[in-house]
Amino acid sequence: MAASSSASLKAITSFNLQPSKFPTSSSSSSSISQNLLIPNVAQNAFLSSSKTLKTSKSAHQIVPTKKQFTTSAFFCNNRNSQPQSQPPAVASCTDAATAVDSRSSKVQELHVYEINERDRGSPVYLSLSQKEVHSLGDLVPFSNKIYSGDLQKRLGITAGLCILVQHVPEEKGDRYEAVYSFYFGDYGSLTVQGPYLTYEDTWLAVTGGTGAFEGASGQVKLHQLIFPFKLFYTFHLKGIKDLPPELVCNPVPPSTAVEPSPAAKSCEPHAVGPNFTN
1 MAASSSASLK AITSFNLQPS KFPTSSSSSS SISQNLLIPN VAQNAFLSSS KTLKTSKSAH
61 QIVPTKKQFT TSAFFCNNRN SQPQSQPPAV ASCTDAATAV DSRSSKVQEL HVYEINERDR
121 GSPVYLSLSQ KEVHSLGDLV PFSNKIYSGD LQKRLGITAG LCILVQHVPE EKGDRYEAVY
181 SFYFGDYGSL TVQGPYLTYE DTWLAVTGGT GAFEGASGQV KLHQLIFPFK LFYTFHLKGI
241 KDLPPELVCN PVPPSTAVEP SPAAKSCEPH AVGPNFTN
């Protein structure tokens, strides 16, 4: 019995226990992480140098990188950017609207005489309807001279077109749709559109302007004196700067007998607008 026990003990003692080939749970994650992040460490001369690679047991990551990268989302502020000393200037919509309203709400009057002196070949009647009486489709291009409301200065010309809309026998006249402009030389121009009746006064819309009349809107009263030779206009203008003083005057009361001053009619230098349109 003693000999048998001694032999068994000797056999057990001579048996060498081999360490487990499977990693323990505590080192499993670290081993796998190292195998995934740095494969063939032993064969990589750079990573197998004397420097020790430090790992985090909690995160199981190797942090060393060759280059630092900075990312920022579009909704985040970049910490490296310099703060602005002042916020960017922003146009105030309220201020702009107030300026426009104050400019457009002011109504200015301009008085002009249009006189046909029978020296421009105007008007020209184009009977496109080819009927004996004036009919729809007939056209009347025209151009006349314009004078200041006090008849002391020649200001320029009118130029445009009347389209016959209806012949009105009971009024012995016609109704036209008119589109034409008033040219004031260096002062600019005004364009109007609307009804033109040969037998009574009408109102036309001011559709725009240039020069001193840039941005113009409003309306104009057309007062027939002698069709188609003498007409008196009163503009009610909005949306423009103050009219040049030379255009603001006390008008001569309209009548069939009004005539321009001799100096204005002969276009003497002191009786014309600057570079007036002829």
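All the letters of the sequence shown, read from the start, carry residue numbers 1 to 278 under UniProt numbering.
Cβ atoms here follow ideal geometry from the backbone N, Cα and C, with glycine treated the same way.
Predicted model only: the values in this text are computed from it and were never measured.
Which of helix, strand or coil DSSP assigns to Ser-189: strand
Just to confirm the assignment, what range does the alpha helix (DSSP H) spanning Ala-263 have? 262 to 265
Determine contact between the segment 236 to 250 and the segment 131 to 144, defined as no fewer than three beta-carbon pairs at a distance below 8 Å. As far as the Cβ criterion goes, the segment 236 to 250 does not touch the segment 131 to 144, which means the pair count is below three.
What are the boundary residues of the beta strand (DSSP E) that Gly-121 is part of? Run containing Gly-121: none; DSSP gives neither H nor E here.
Is it buried or exposed for His-111, if we count other Cβ within 10 angstroms and need 16 for buried? With 16 or more other Cβ atoms from the protein chains shown falling within 10 Å of its own Cβ, His-111 counts as buried.
Report the three-state DSSP secondary structure of Asn-275 (helix, strand or coil). coil
Span of the beta strand (DSSP E) holding Pro-141? 139 to 142
From Val-206, Leu-126, Tyr-147, pick the residue whose C-alpha is nearest to that of Phe-276; which is it? Of Val-206, Leu-126, Tyr-147, the residue nearest in Cα terms is Tyr-147.
Please state whether DSSP places His-134 in a helix, a strand or coil. coil
Chain-order list of residues whose beta-carbon lies under 7 Å from that of Leu-231 (same chain, five-residue window excluded): Glu-114, Leu-222, His-223, Gln-224, Leu-225
Applying the criterion that 16 or more other CB atoms from any shown protein chain within 10 Å of the CB defines a buried residue, is Ser-29 buried or exposed? Because Ser-29 carries a pLDDT of 46, less than 50, the predicted location of this residue cannot be relied on, and the following value inherits that uncertainty. Burial call: exposed.
Using 8 Å as the threshold, is the C-beta distance between Pro-228 and Asn-116 below it? yes
Terminal residues of the continuous beta strand (DSSP E) containing Cys-162? 154 to 168
Mind the definition here: the segment 183 to 197 touches the segment 139 to 157 only if three or more C-beta pairs lie below 8 Å; say whether that holds. yes
Alpha carbon to alpha carbon, how far is Gly-215 from Tyr-233? Taking C-alpha positions only, Gly-215 is separated from Tyr-233 by approximately 19 Å.
Is the segment 256 to 267 close to the segment 119 to 127, with three or more CB pairs under 8 Å? Taking a cut-off of 8 Å for Cβ pairs, the segment 256 to 267 and the segment 119 to 127 do not touch, as fewer than three such pairs fall below it.
DSSP bridge partner residues for Tyr-113 (one or two, in chain order): Tyr-147, Phe-232
Segment limits, beta strand (DSSP E) that includes Glu-177: 173 to 183
Specify the secondary structure class of Leu-128 as computed by DSSP and reduced to three states. It is coil, neither helix nor strand.
If we count the other Cβ atoms within 10 Å of its Cβ and call it buried at 16 or more, is Lys-172 buried or exposed? exposed
Let me check understanding here. Comparing Cα to Cα, which of Pro-274, Val-140, Trp-203 lies closest to Gln-219? Trp-203
What number of angstroms, rounded off, separates the C-alpha of Asp-201 from the C-alpha of Arg-175? 11 Å
Contact under 8 Å by Cβ, Leu-243 with Ala-205: The beta carbons of Leu-243 and Ala-205 sit no closer together than 8 Å.
For Gly-208, which residues of its own chain have a beta-carbon under 7 Å away from its beta-carbon, when the five flanking residues on both sides are left out? Thr-191, Ala-216
Go to Leu-222, then tell me how far its beta strand (DSSP E) extends in each direction, as first and last residue. 217 to 226
Leu-237 by DSSP, collapsed to three states: which one? strand
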